[in-house]
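Peer 1:
Residue numbers (full-length UniProt numbering): 1 to 222.
#1: From the DSSP output, in three-state form, read off residue 33 for me.
#2: At 4 residues or longer, what runs of the alpha helix (DSSP H) sit wholly inside the stretch 140-186?
#3: Anyone know if the C-beta pair for residue 65 and residue 37 falls short of 8 Å?
#4: Exposed or buried, what is residue 106 when buried is set at 16 or more other beta-carbons lying within 10 Å of its beta-carbon?
#5: In chain order, what are the residue ranges of uninterrupted beta strand (DSSP E) at least 3 long that sit wholly in the UniProt domain "Response regulatory" (3-135)?
#6: Grouping DSSP H, G and I as helix and E and B as strand, with all else coil, what is residue 198?
#7: So, helix, strand or coil for residue 205, using DSSP?
#8: Tell me whether residue 222 sits in a helix, a strand or coil according to DSSP, three-state version.
#9: What separation, rounded to the nearest whole angstrom, lies between the Cα atoms of residue 149 and residue 43?
#10: Using a Cβ-Cβ cutoff of less than 8 Å, which residues in the same chain neighbour residue 206 once the five nearest sequence positions on both sides are dropped?
#11: I need the DSSP call for residue 192, collapsed to helix, strand or coil.
#12: How long is the line joining the alpha carbons of residue 52 and residue 157, rounded to whole angstroms?
#13: Are the beta-carbon atoms of residue 33 and residue 92 separated by less than 8 Å?
#14: Less than 8 Å between the CB atoms is what I'm expecting for residue 185 and residue 212, so what's the real figure, rounded?
#15: Write down the C-beta distance between residue 144 and residue 77 rounded to the nearest angstrom, noting that I regard them as a contact closer than 8 Å.
#16: Can you list, in chain order, the residues of its chain whose CB lies under 6 Å from that of residue 17, leaving out five sequence neighbours each side?
#17: Does residue 69 pass the burial test, meaning 16 or more other C-beta atoms within 10 Å, or should it be called exposed?
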């Protein structure tokens with residue numbers, strides 16, 4: 001393996017990954033980025049030199065720029081951008097928040113390069129095994145729950161409601177839809193998450209709150 005980019009803002013993780021890779025691949029050239037902006041700069045710089053990273057290892061919870069707070073949603077948007085821009089690039093997502101990748105499962109399934117998920121708690125042996133899979137263009141995404149299928153517009157409704165705290169009427173305006181359509185989306189979302197009126201009524205629970213709880217459990221929202 002020739003050249004790798006590590007994108008993470010945790011010094012201990014960077015150090016551990018660095019040591020692991022250098023031990024296994026003594027000739028490796030490793031680049032480090034601690035924000036989305038740094039990572040994009042590194043990728044662009046390599047492109048100008050007609051050079052590509054053999055593997056990009058990245059965390060999901062990363063800051064957009066220096067001084068900003070790390071968020072999983074930032075990492076999700078960043079990976080989605082990379083998948084669209086670099087269809088043959090090999091990736092390994094090294095994160096404790098891997099479940100959130102269900103939000104971009106369609107893009108991951110369509111990706112032509114390697115895409116591997118590795119929990120940060122894996123042993124060094126298992127981690128190196130995932131690295132090997134990624135650089136060989138393999139896909140390893142069993143950490144993502146495949147039985148849950150939500151359309152992009154449903155995810156958008158969840159985000160508007162629970163990340164931004166918007167009411168259905170405002171959500172409808174932002175999405176250029178009838179409010180009736182947004183309400184229909186809610187029934188679809190709740191069906192996918194197994195949240196039903198009769199169960200909530202019987203348990204004395206608020207249906208919208210139960211929807212939010214289930215969505216967070218499934219990694220659909222932060």
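C-beta atoms are modelled at their ideal positions from N, C-alpha and C, and glycine is treated no differently.
Peer 2: Well, looking at it:
#1: In this structure, DSSP gives residue 33 an extended state, which the three-state scheme calls strand.
#2: As far as the stretch 140-186 is concerned, its whole alpha helix (DSSP H) runs of at least 4 residues are 152-158 and 168-175.
#3: Yes, they are a contact pair.
#4: Its Cβ having fewer than 16 others within 10 Å, residue 106 is exposed.
#5: Within the UniProt domain "Response regulatory" (3-135), the complete beta strand (DSSP E) runs of at least 3 residues are 3-7, 29-33, 55-58, 91-94 and 115-118.
#6: The three-state secondary structure of residue 198, taken from DSSP, is helix.
#7: In this structure, residue 205 counts as coil in the three-state DSSP scheme.
#8: Of the three classes helix, strand and coil, the one that applies to residue 222 here is coil, per DSSP.
#9: Cα-Cα distance, rounded: 32 Å.
#10: Hits under 8 Å: 200.
#11: In the structure shown, residue 192 sits in a helix (DSSP, three-state: H, G or I).
#12: One C-alpha to the other measures close to 37 Å.
#13: For residue 33 and residue 92, no; Cβs fall outside 8 Å.
#14: Their Cβ separation, rounded to whole angstroms, is 15 Å, which puts residue 185 and residue 212 out of contact at 8 Å.
#15: About 17 Å separates the beta carbon of residue 144 from that of residue 77, a gap too long to meet the 8 Å contact definition.
#16: So the qualifying residues of the chain are 6.
#17: By the neighbour-count rule (16 or more Cβ atoms within 10 Å), residue 69 is not buried but exposed.
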